[in-house]
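Residue numbers (my numbering): 2 to 464. Beta carbons are placed, not taken as given, at the ideal position from N, Cα and C, and that holds for glycine. In this text the structure is predicted, and so the values were computed from the model without any measurement. Report on the following structure.
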């Protein structure tokens, strides 16, 4: 039996980052992976979807070349080539993770891992061979997959999840997207951009329901303008796949209607991968599909830890990475502070992009804050106007009493690259006045942050 200091189950953005940090800290480290290094995020999630979205964005630019005084005639696309490029980007990144494993002297154990009592891990290879390994510290980072609703069983052909959505052989003429979180919205944008007739069905009153209401409404306007049909406060109660396409029964406040499409994409959240990985054998506590952990990701059984989507925090790649680093640094005896889950940025990469951190206006009011709100539209931004897309705005929320930056919400082209300013500022407990006195470069999209803060304090110049 091989003995390690740390064994990590799963090589997604939580697992592989954890393994690298553990190795940097001097631990003899192994990582268990049943498919491809990089996990869902790198192979079937974050990275390949961004490649698809970039192709859609470039196609849209070409279609609107005349808006920029340019000529691009007979612009077309090859759906298969777009998908192939996306897969190529993912494969290249996965090879990069292989390199990082070798560089950091991390042993990769290929196979399906199960935790065992006595700080052991059983790994079953693809040919059925098994091997047992032991470690002082076992970190579970097995991630999650597309959640299935009883009314929307996935068959992988007509009713699909995100994995199939990014590798379809043929582009559908009509698609119904159920769920308007980041996954659903990004695919709705991608397929609509390439000419698929897309309908988004959202159970709650607003699309991207975790976002500030103003952002949700702006995105709905932008999507409708682009031709996406949106049904909110609506629910798919059943699907009929017996014919050539799919017939989805949708229940709304006005009654029931049947929508027809080639494909239904179910994007209604995720289900954690915690079945059959040995949790019951070890006695690791689970509640509502999540492994219970303390502030440093220790489970109720000493020597066993869990990070990422399998734990109660936000199911985001950057959260999993941060949790993994914090977990192994605590194991190494370093002085670390618990992660601040109130200061985690969220990003959605459709066009216009959506990015946010902190409290929404509604949440701030519900928590009893007396607030100052500032909003700056990109229609008043020189850089946004020059770039040809001035949809959206930056909205900031401050505590009127102490000047604490409670929340920042952005919608517009490139805002996912801007939100970190608010994250860092909030981490440093920066006040609105300090942001105002920090000179922002002109002309940039980032000026809109300063202008929105100025608007909150009645000092705005350009609106």
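(message) For residue 289 and residue 316, I'd like the C-alpha separation in whole angstroms.
(response) 14 Å
(message) With H, G and I counted as helix, E and B as strand and the rest as coil, what does DSSP make of residue 266?
(response) strand
(message) According to DSSP, simplified to helix, strand and coil, what is residue 150?
(response) strand
(request) Counting only the same chain and skipping the five closest in sequence on each side, list residues whose C-beta sits under 6 Å from that of residue 270. (result) 148
(request) Evaluate residue 54 with the Cβ neighbour count: other Cβ atoms within 10 Å of its Cβ, from every protein chain shown; 16 or more gives buried, anything less gives exposed. (result) buried
(request) Could you have a look at residue 192 and say whether DSSP puts it in helix, strand or coil? (result) helix
(message) Suppose the cutoff is 7 Å on Cβ atoms and the five residues either side in sequence are ignored; what does the same chain contact list for residue 433 look like?
(response) 399, 404, 406, 454, 457, 458
(message) Here's a check: name, in chain order, each residue in its chain whose Cβ is nearer than 6 Å to the Cβ of residue 28, leaving out the five neighbours to either side.
(response) 6, 7
(request) Identify which residue in 161, 11, 301 has its Cα closest to the Cα of residue 41. (result) 11
(message) Rounded to whole angstroms, what is the Cα-Cα separation between residue 234 and residue 3?
(response) 54 Å
(message) In the DSSP output, what is residue 272 paired with across the bridge?
(response) 146
(message) If you reduce the DSSP assignment to three classes, tell me which class residue 135 lands in.
(response) strand
(request) Would you mind reading off the limits of the beta strand (DSSP E) that contains residue 378? (result) 372 to 378
(message) If you follow the alpha helix (DSSP H) that residue 117 is in, where does it begin and where does it stop?
(response) Run containing residue 117: none in the alpha helix (DSSP H); it sits in the beta strand (DSSP E), 113 to 117.
(request) Run the CB neighbour count on residue 67, radius 10 Å, all protein chains shown included, and call it buried at 16 or more, exposed below. (result) exposed
(request) Following the continuous beta strand (DSSP E) through residue 324, name the residue where it begins and the one where it ends. (result) Run containing residue 324: none in the beta strand (DSSP E); it sits in the alpha helix (DSSP H), 318 to 332.
(request) Could you tell me which residues DSSP pairs with residue 352 in its beta bridges? (result) Its beta-bridge partners do not exist; DSSP assigns none.
(request) Measure the alpha-carbon distance for residue 96 versus residue 311 and round it to whole angstroms. (result) 25 Å
(request) Find out if the Cβ-Cβ distance for the pair residue 446, residue 415 is shorter than 8 Å. (result) yes
(message) If distances are taken between C-alpha atoms only, which option among 346, 140, 230, 132 comes closest to residue 294?
(response) 140
(request) Go ahead and label residue 410 buried or exposed: buried means 16 or more other beta carbons lie within 10 angstroms of its beta carbon, across all protein chains shown. (result) buried
(message) Would the region 175 to 185 count as touching the region 51 to 65 if we require 3 or more Cβ pairs under 8 Å?
(response) no
(request) For residue 368, I'd like the list of residues in its chain whose CB is within less than 8 Å of its CB, leaving aside the five on either flank, ordered along the chain. (result) 360
(request) With DSSP as the reference, label residue 382 as helix, strand or coil. (result) coil
(message) With H, G and I counted as helix, E and B as strand and the rest as coil, what does DSSP make of residue 418?
(response) helix
(message) Please list the terminal residues of the continuous alpha helix (DSSP H) segment that includes residue 166.
(response) 163 to 166
(request) For residue 24, I'd like the list of residues in its chain whose CB is within less than 8 Å of its CB, leaving aside the five on either flank, ordered along the chain. (result) 30, 105, 106, 107
(request) Determine the burial state of residue 73: buried for a count of at least 16 other Cβ atoms within 10 Å of its Cβ, exposed for fewer. (result) exposed
(message) If distances are taken between C-alpha atoms only, which option among 127, 82, 292 comes closest to residue 272?
(response) 292
(message) In the DSSP output, what is residue 121 paired with across the bridge?
(response) 117, 135
(message) Taking DSSP's pairing of strands, which residues face residue 399 in a bridge?
(response) 373, 406
(request) List the residues that DSSP assigns as beta-bridge partners of residue 287. (result) 292
(message) Let me check one thing: in DSSP terms, what residues is residue 1 bridge-paired to?
(response) Because residue 1 is not part of the residues shown, which for the chain are 2 to 464, the question remains open.
(message) Using CA atoms only, rank isn't needed, just tell me which of 185, 188, 397, 402 is closest to residue 427.
(response) 397
(message) In the DSSP assignment, the beta strand (DSSP E) including residue 305 goes from what residue to what residue?
(response) 305 to 307
(request) Counting only the same chain and skipping the five closest in sequence on each side, list residues whose C-beta sits under 6 Å from that of residue 204. (result) 236
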